[in-house]
Structures are given as structure tokens and as C-alpha cells.
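Position in the sequence shown (from 1) plus 107 gives the number in our numbering.
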Amino acid sequence: MNDLIKIPCVLMRGGTSRGPFFLASDLPRERAERDAALLSIMGSGHPLQIDGIGGGNPVTSKVAIIGPSSIKGADIDYLFAQVRTDRQFVDYSPNCGNMLAAVGPFAIEAGLVEAQGNDTLVRIHNVNTGKLIEAKVPTRGREVIYLGDASIDGVPGLAAPIALTFMDAAGAKTGKLLPTDKAVDMIDGIAVTAIDCAIPMVLMRAADLGVTGYEEPQALTANRELIERMSRIRIEAGKLMGMGDVADMVIPKPVLIAPARKGGTLSVRYFMPNDCHPALATTGAVGIATAAVTEGSVAYDLAGRLSVPTLVRIEHPAGRLDVQLEMRNGAITAGLVRTARRLFEGFAFAKPIAAIEAAA
108 MNDLIKIPCV LMRGGTSRGP FFLASDLPRE RAERDAALLS IMGSGHPLQI DGIGGGNPVT
168 SKVAIIGPSS IKGADIDYLF AQVRTDRQFV DYSPNCGNML AAVGPFAIEA GLVEAQGNDT
228 LVRIHNVNTG KLIEAKVPTR GREVIYLGDA SIDGVPGLAA PIALTFMDAA GAKTGKLLPT
288 DKAVDMIDGI AVTAIDCAIP MVLMRAADLG VTGYEEPQAL TANRELIERM SRIRIEAGKL
348 MGMGDVADMV IPKPVLIAPA RKGGTLSVRY FMPNDCHPAL ATTGAVGIAT AAVTEGSVAY
408 DLAGRLSVPT LVRIEHPAGR LDVQLEMRNG AITAGLVRTA RRLFEGFAFA KPIAAIEAAA
């Protein structure tokens, strides 16, 4: 194994996502070297990621990098990396709230946070956005508890509930809840709400784009006319949001919204950005719920003109995700429940950067 780089690694499921977790101290410090290692480990550049541990899908090609906190008021730093499947590119622009569910358990078991009794509060600084999230992790003694009676749509079986609270998630990347200073903009003849809360998104009514918003994810992903039009809208929205050229970024995320059909508040289809999510991103749920209480947004009337505090129930392809909105110190906080599981621990093996460059 002397010709490969051996890196300690834990494979974890967080919410409806899955990926390797690394201690920051175990990865190369230089970004180019770190990116090369992650691309090699995940097997990016091949649709099946056959030469790596990625799952060939955006929800299973994610990486969490954890280390001691670099700011006051937090226990740990969490840097999220979306590793592209279709080409060799690592995107650090978004946060991932589903992977976030596994960050607290990983940090406790890695010795970065000491377990406290029946529940351990882990204060997480998301390096991608600079925002703070609190995770209440079930523990017993000094051990993380993974088994329990909680269920989340999109994941089979039961597990211990992990409560996440996003503290003042507005302006995660742009510094503003509404980066264009408008609740609605017209792009390519479509009314959109460009919102930045936990993650930048572009919300559109499904009916305005000629679909119902209730289609299966595979059908929407295969609708190339729809994908291409949403891509044009997304890229133009990125410019209006002050994010520059977002063609090579995964944010802002396009989101189709429709009236709820199963007793919820809204029905949504969330894109990553060119593939429809099989369920719903946690950060997406936070932003969509906030849009539902933002007067004038494309979601506001569909949701029933809600105000805080309120529970927003978001229907998605795999079921439903509930977001509790509250006010704390003049800012909206968003709380929801996810689950996580430790799947495998050991070592990941990366090719040296010289071998990667030689093969390119």
C-alpha cells in the first residue's frame, strides 16, 4: 500500500445523505492536495464512481470534514464538501443539513466533544456559511446512542432522534434573506423567489413551468427541457443574488413548489441542481419553511400566509419533513429532527496527486 495515501475515515449516514467523515487534521492542509485526495477517494469523474467509495449520486457523494472550533460559541467546525460525480470538482459553496445530523455523533466519538448524560448539546460552526447550528445528540454515559424509535421519511427503519436547531440561518452565503431585495423577481417569464436561508435557493411554482410538482424525481430529472430552463433561471438568479457566475456551482438550488396534497403545508421538488432529490435537503427545508412565512414570496400564498411561530410541513417525494419556526433574539430559528448512523470505520485510500495528474 506504499503507493497509496492511507487516511482514517468513518462512513456515516446523516439524514437522507451518506458519505465519509474525516478529521481535518488527517487531510492535507493545502486545498489542491485535499481536493485531489477527496476526488480520488470518492472516484469522481465516472458516473458510478466505480474507482472510489462514492455512490454515483449527489446524495451519496458528500464529505464532512470536522475539527476543533475556530470561533467562540461553537464546539467544532464542520466543513462540507459536495464532490461532483460527473466530473472532478469539489464544491464547498453549500452547507448540507442532512450530513449535519451525523456531525455531532462523529465529533463525540472522535473525542472532540465530551458526552454529557442522556443528551449532549453540540454547537456546530458550519465553515461553508459561517452559521451556527445546535445538535442535541442522544447519549448514555460517554456513548452515542444510535438506536431509537424515531423515523424520517426517506430512510428505512427506526433510529434515535437528533434535534437540529438552525440559529439565524438567513443570509448564509449572501448576507441577506432576500439577496435581490425583492420577494419576487421575473426571470425568463417565471416568477421566482431568490432566498438565502441555510442555503441559497430559487423557488418557482411548478405549474408555471408546465409540470405538476408531484412527478417522481426520475421523471423530472429526465425532463431535459425542464432541467435546461431551470438551469438558465438558476444562473440568472445567481447573478441577481450577487453570487456571480454560478454555472459551476451547485447553488442556488432550484426548487419547484406546489399546493400540498397530503395534509401538509407545501409540496416540493428540490434539485441538486440538475438532479431531483429523492427526498429533501435539510437546509432546503429550512429555507423553504422560511419562504412560507415571507410575505410576497411565491410560497407565501400557497402555504396559507403563515406567521411565526408555526410548524411548516413540507411534502417531498419520500414523504414529509416538518420544520418548527420560532423567534429567538429577534431572529427566526428553525428546528427539525433527523437521524444518523455510523456505518463503517477504517481507512480510505487516495492516489498521490502525481499519479492523478499523470492519468489526467
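Idealized CB from N, CA, C, for every residue including glycine.
Short Cβ contact (9 Å threshold) for residue i with residue j
i	j	result
LEU134	ARG125	no
PHE273	VAL393	yes
ARG368	TYR321	yes
ALA472	THR401	Nothing can be reported for residue 472: it is not among the residues displayed for the chain, which extend from 108 to 467.
PRO459	ILE112	yes
ILE364	LEU310	yes
TYR185	ILE231	yes
GLU452	LEU118	yes
GLY391	GLU422	no
GLY122	THR389	yes
PHE378	CYS116	no
ILE340	ILE294	yes
LEU233	PHE187	Here the sequence assigns Asn to residue 233, which means Leu is not the residue at that position. For ASN233 and PHE187, yes; Cβs fall inside 9 Å.
ARG120	LEU450	yes
PRO175	LEU219	yes
PRO380	PRO361	yes
ALA208	THR236	no
ILE259	VAL444	yes
ILE410	LEU387	Checking the displayed sequence, the identity of residue 410 turns out to be Ala instead of Ile. No; because the gap between Cβ atoms is not below 9 Å, this pair is not in contact.
Whole-angstrom C-beta distance between residue j and residue i, which should lie under 8 Å
i	j	result
VAL189	LYS169	Before going further, note that residue 189 is Gln rather than Val in the sequence given. Contact flag correct, Cβ pair sits at about 6 Å.
VAL405	LEU413	The Cβ separation is near 14 Å, so there is no contact.
LEU145	VAL197	6 Å
PHE128	ILE173	6 Å
ALA441	THR397	7 Å
GLY349	THR281	6 Å
VAL244	GLY211	4 Å
ALA222	THR192	No, ALA222 and THR192 are not in contact; Cβ-Cβ is about 35 Å, not under 8 Å.
GLY264	GLY426	At roughly 14 Å, the Cβ-Cβ gap does not stay under 8 Å, so GLY264 and GLY426 are not in contact.
SER147	ALA457	4 Å
Given residue i as reference, the closest of the options once Cα atoms are compared
i	options	result
ASP256	THR446, VAL357, GLY121 and VAL309	THR446
ALA171	ALA425, ASP158 and MET149	MET149
ALA276	ARG435, GLY453 and VAL444	ARG435
ALA298	GLY261, MET337, GLY278 and GLU323	MET337
PRO268	PRO324, GLY282, ILE114 and VAL251	VAL251
VAL229	ALA217, THR236 and ILE342	ALA217
ALA354	ASP292, SER200, ARG120 and MET293	SER200
TYR328	VAL444, GLY224 and CYS383	In the sequence as presented, Tyr is not what sits at residue 328; that position holds Thr. Per the Cα distances, CYS383.
LEU468	GLY403, ARG448 and ALA457	The structure shown does not extend to residue 468, since the chain spans only 108 to 467, so no value can be given for it.
LEU271	ASP110, GLY437, ALA457 and ASP429	ASP429
GLY326	ILE114, ILE342 and PRO385	Gly is not the amino acid found at residue 326; the sequence shown has Ala there. Selected option, being the one with the closest Cα: PRO385.
LEU316	GLU323, ASN330 and PRO324	ASN330
Specify whether the region 290–310 and the region 197–213 touch according to this definition: at least 3 beta carbon pairs, one from each stretch, less than 8 Å apart. yes
Segment contact flag, the region 236–248 with the region 154–163, C-beta cutoff 8 Å, min 3 pairs: no
Runs of 3 residues minimum, wholly inside the region 329–390: which ones carry the beta strand (DSSP E) assignment? 360–366 and 373–377
In the region 134–188, which residue ranges form an unbroken alpha helix (DSSP H) of at least 4 residues, counting only runs that do not cross its ends? 138–149
In chain order, each alpha helix (DSSP H) run of at least 4 residues that lies wholly inside the region 225–279: none
In chain order, which continuous runs of the alpha helix (DSSP H) of length 4 or greater are located wholly inside the region 382–457? 389–399 and 407–410
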